[in-house]
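Everything below concerns the one structure shown next.
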Amino acid sequence: MCAPSQLSDRLVTDSIADAEAAADPLADLGDQPVLLFDGVCNLCNGLIQWLIPRDPDGKLKFAPLQSEIGTAIQERHGLDPDDLDSVLLVEGPKLYTKSTAAIRVAEILGWPYILLRAGRPLPRALRDRIYDFVADNRYDWFGKKDQCMVPDEDVSDRFIE
Numbered sequence: 009m010c011a012p013s014q015l016s017d018r019l020v021t022d023s024i025a026d027a028e029a030a031a032d033p034l035a036d037l038g039d040q041p042v043l044l045f046d047g048v049c050n051l052c053n054g055l056i057q058w059l060i061p062r063d064p065d066g067k068l069k070f071a072p073l074q075s076e077i078g079t080a081i082q083e084r085h086g087l088d089p090d091d092l093d094s095v096l097l098v099e100g101p102k103l104y105t106k107s108t109a110a111i112r113v114a115e116i117l118g119w120p121y122i123l124l125r126a127g128r129p130l131p132r133a134l135r136d137r138i139y140d141f142v143a144d145n146r147y148d149w150f151g152k153k154d155q156c157m158v159p160d161e162d163v164s165d166r167f168i169e
């Protein structure tokens with residue numbers, strides 16, 4: 009059993025750690041890949057719904073770019089939180105954007121999706137130009153929602169708030 013002073017010291021330390029974790033929404037992410045997506049984009053939401061069953065081990069977590077954690081990640085990496093034109097994949101300190109993020113997601117999923125890695129030798133500028141063309145037209149082609157999607161209860165643990 010702890011002496012009263014040790015107990016109060018531990019409570020203060022625990023309270024400080026809890027406060028720091030609450031102040032930093034990124035504290036608990038570790039190296040688990042987090043895919044940030046435009047939460048109002050129908051194409052992006054469809055992609056997330058497609059990815060979930062193809063990642064049965066739950067390697068990927070998801071969050072809308074517009075969420076508190078999405079904004080915090082973008083700001084931490086010096087990105088404009090109002091720019092919703094790229095999916096972002098965060099793995100620990102690494103940040104992947106646009107076509108490189110898509111290729112990295114395919115690598116995480118493994119076979120057969122890893123075959124998309126064949127696009128990596130193409131110049132990034134070319135890959136991203138194609139990505140940007142789709143991103144620039146996604147609302148016209150697929151529409152958008154008025155608010156971010158709310159995940160179904162059975163997959164809500166895959167989403168970070």
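Just add 8 to the spot in the sequence shown (first one is 1) and you have our numbering.
Note that CB positions come from ideal geometry on N, CA and C, so glycine has one too.
Only a predicted model underlies this, so the values are computations on that prediction, with no experimental measurement involved.
Candidates G100, D46, R62: which alpha carbon is nearest A114's?
If you number the sequence shown from 1, residue 114 lands on position 106. Considering only alpha carbons, the answer is R62.
Starting from the N-terminal side, write out each stretch of the alpha helix (DSSP H) that is 4 residues or longer and does not extend beyond the region 116 to 166.
132 to 150, all fully within the region 116 to 166.
Look at the Cβ atom of G78, then the Cβ atom of L44, and state whether they are nearer than 8 angstroms.
Numbered from 1 along the sequence shown, position 70 holds the residue referred to as residue 78. Numbered from 1 along the sequence shown, position 36 holds the residue referred to as residue 44. A distance below 8 angstroms separates the beta carbons of G78 and L44.
Since E99 is in the beta strand (DSSP E), which residue starts that stretch and which ends it?
One-based indexing of the sequence shown puts residue 99 at position 91. 96 to 99 is the span of the beta strand (DSSP E), which, as asked, contains E99.
Residue span of the alpha helix (DSSP H) that contains L68, given as start and end
Numbered from its first residue, the sequence shown carries residue 68 at position 60. Looking at the DSSP string, L68 is not in any alpha helix (DSSP H), and its letter there is neither H nor E.
L44 lies in the beta strand (DSSP E); which residues open and close that run?
Numbered from 1 along the sequence shown, position 36 holds the residue referred to as residue 44. Its beta strand (DSSP E) spans residues 42 to 45.
Can you tell me whether S164 is buried or exposed, with buried defined as 16 or more other CB within 10 angstroms of its CB?
Within the sequence shown, residue 164 is the residue found at index 156, counting from 1. Residue burial annotation: S164 is exposed, with fewer than 16 other C-beta atoms found within 10 angstroms of its C-beta.
As a quick exercise: from H85, L123, K69, N53, pick the residue whose alpha carbon is nearest that of T105.
As a first step, residue 105 is located in the sequence shown; it is residue number 97 there, counting from the start. For the residues H85, L123, K69, N53, the minimum Cα distance to T105 belongs to H85.
Taking the straight line between their C-alpha atoms, what separation do you get for W149 and V95?
The residue given as residue 149 occupies position 141 in the sequence shown. The residue given as residue 95 occupies position 87 in the sequence shown. Spanning the two alpha carbons is a distance of roughly 17 angstroms.
Coil, strand or helix - A27 by DSSP:
The residue you call residue 27 lines up with position 19 of the sequence shown. Any reading at A27 must be qualified, since the residue scores a pLDDT of 46, below 50, and its modelled position is unreliable; the value itself is stated next. Reduced to three states, the DSSP call for A27 is helix.
Opening and closing residue of the beta strand (DSSP E) in which L55 lies:
If you number the sequence shown from 1, residue 55 lands on position 47. For L55, there is no enclosing beta strand (DSSP E); the enclosing alpha helix (DSSP H) covers residues 50 to 62.
Counting Cβ pairs closer than 8 angstroms, one from the region 130 to 137 and one from the region 65 to 78, do we hit at least three?
The region 130 to 137 makes no contact with the region 65 to 78: fewer than 3 CB pairs, one atom from each, lie closer than 8 angstroms.
With a Cβ-Cβ cutoff of 8 angstroms, do I116 and G127 count as a contact?
Numbered from 1 along the sequence shown, position 108 holds the residue referred to as residue 116. Numbered from 1 along the sequence shown, position 119 holds the residue referred to as residue 127. No, Cβ-Cβ distance for I116 and G127 is not below 8 angstroms.
How long is the line joining the alpha carbons of R146 and I56, rounded to whole angstroms?
The sequence position of residue 146 within the sequence shown is 138, counting from 1. The sequence position of residue 56 within the sequence shown is 48, counting from 1. Rounded to whole angstroms, R146 to I56 spans 15 angstroms at the Cα level.
Would you kindly check if the distance between the Cβ of A71 and the Cβ of V42 is under 8 angstroms?
Along the sequence shown, one-based indexing puts residue 42 at 34. Along the sequence shown, one-based indexing puts residue 71 at 63. Taking a C-beta distance under 8 angstroms as the contact criterion, V42 and A71 qualify as a contact pair.
Residue from L97, L51, Q82, P129 whose Cα sits closest to the Cα of K69:
In the sequence shown, the residue the question calls residue 69 occupies position 61. Comparing alpha carbon positions, the residue from L97, L51, Q82, P129 closest to K69 is L97.
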